[in-house]
Structure formats: C-alpha cells, structure tokens
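Have a look at the structure below, then the notes.
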C-alpha cells in the first residue's frame, strides 16, 4: 500500500515539475507548480511530518504559488504565449543535468538499505514548538528579522515612482 | 519491497535537477523563480527523509525545513518585487534583456 502511494505521488510530482519547466504557457506552468508543491506536501505526510504537511500547504501552495500566479497575471502579455520559452543551450543543460543526476543516483546506492526507526507515529507539532524555543532559538529570532527585511524590501521595490 | 531512504533521495535528486534545468534554460524570469522553488522543495524533501530514516527522535531536520520554508518565502517575495520593478522600467520579462550592468 505505502509503496504504491509513494510511486503515485512521485509520478505526479515529477510530471508536474517537468511541465513547470517546459510548458510554453506560463500560467499553466504556475498551476503545475502548485500541483508539484501539493504532492511534496503529500510526501511530507508519508514521512510522518504532519506539521510540515500543513505548513507546506499553507505557505507554499496557499501563499507562494498564489503570489507567483498573481505576478504572472500582472506581467504577462499576449505575444508571450507564442514566444520560445527555452534558450539555445537547452540540449547541453539537459545532458549535464542527466549525467549529474545519474552520478548522484550511484552515490545514493549506499543508502539503499536504511529502514525507518520503529517509533510509533506521533504528532510533531509539540516537539517542533519546543525545538524552536530551545535549540533553534537564535535562528528563530533571526528569521523574524529576515521576514521584516523581505517585507520592507517588497514594499520599497514595488512602490511606484513619485 | 519496502520504501527506503534511497527512494526519497533519488526523488529529491531528480526534482533538484529538473529545477536546475529550468533555471539554466528558461528565458522568462518568472519561470526561473518557479524552478528555484522546485529546488528548495527537493532540498526540503531530502532533509525530512534524512530526519525520518537516519535520525529518528529529535526533529532537527524538520525544524530546519521550517526555516528553509521561511527563507524561501522571503526570497520569492523580494524576487517578485524586483521583477515587477524591472518589468515597469524595461517592459520585458526575458532575462537576456536584463543587461543594465553590461555597459
């Protein structure tokens, strides 16, 4: 049962990722990105990361994908639908990616018999909250600075010229 | 046959290189940002899989993924704001026209 679910999610993920990087219509590419992010959320659920599953759905699918879709609709033009979307180096890049991927695959063969720990599944929300306020306290405070900087930067860059 | 760490790592590698392919070949800056998001997700998948298989118990990997998600959100917000600013000035979204610094 579980392997079937994994292969199903992996198939959806890879197909929609390939559509995201190859489709000519950028609106469709953005929608396929949303599908890919959703299937990553499903894989998080399979890895017993229930808090990350909901965070992925809320932040990535509900926030980032929708934001990208907004900007696609703001900056798109009719003639973009017929313009070539890949540059001239695509064949070389494809071969480089293929070879690197196969190399990484060989390296990963060392991990082919790691089985998961046998702890019973439990909620991860409470341990994650404790972790954020003890061991990850300094990064947790720093990330608020990063978010503030991103907020200010976004407002500054998009404000229209006087 | 049961699932091992190998399955998740292979999936993460393929997803990462799909993202690399998109970053290096797409002409539209928006598609490049989308491909970067795919690469972030591949890294997150690897972190959660390592946490689950090699280091069960303390959720250090999952905590790290939370930070990655926050940084990715900040990155995409600033990236899209810059994109809109450039689009207003140059009236294009194709990266080969973004050559302001070339002189």
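Chains as they are written, first to last, in our numbering: chain A, 2 to 163; chain B, 28 to 130. All residues carry an ideal CB built from backbone N, CA and C; glycine is no exception. Quick caveat: nothing in here was measured; it's all calculated off a predicted structure.
Following the DSSP letters along the chain, one finds residue 27(A) inside the alpha helix (DSSP H) bounded by residues 27-47.
Along the segment 46-66 of chain A, the positions whose C-beta sits under 9 Å from a C-beta of chain B are 47, 48, 49, 50, 52, 53, 56, 57, 60, 61, 64, 65, 66, read in chain order. Interface with chain B (8 Å Cβ-Cβ cutoff): residue 16(A) is excluded.
Along the segment 131-150 of chain A, the positions whose C-beta sits under 7 Å from a C-beta of chain B are 132, 133, 137, 140, 144, 147, 148, read in chain order. Judged by beta-carbon spacing, residue 42(A) lies within the 8 Å limit of residue 54(A), meaning their Cβ atoms are closer than that value. Neighbours of residue 154(A) in chain B, taken as residues whose beta carbon is under 7 Å from its own, are 105, 108 in chain order. Within chain B, the residues whose beta carbon sits less than 9 Å from that of residue 38(A) are 64, 65, 68, listed in sequence order. By the Cβ-count criterion, residue 157(A) is exposed, with fewer than 16 other Cβ atoms from all chains shown falling within 10 Å of its own Cβ.
Annotation: residue 95(B) has no Cβ neighbours in chain A at a cutoff of 8 Å; minimum Cβ distance is about 10 Å. What residue 19(A) touches in chain B, judged by beta-carbon distance under 7 Å, is 45, going in chain order. In the three-state reduction of the DSSP assignment, residue 35(B) falls in the helix class. Counting of Cβ neighbours within 10 angstroms places residue 146(A) among the exposed residues, the total staying below 16.
DSSP places residue 78(B) in the helix class (H, G or I) of the three-state scheme. Note on residue 89(A): under 16 other CB atoms within 10 angstroms of its CB, so exposed under the neighbour-count rule.
For the pair residue 96(B) and residue 113(A), the Cα-to-Cα distance works out to about 28 Å. The beta-carbon separation of residue 66(A) and residue 14(A), rounded to 14 Å, does not stay under the 8 Å limit for a contact.
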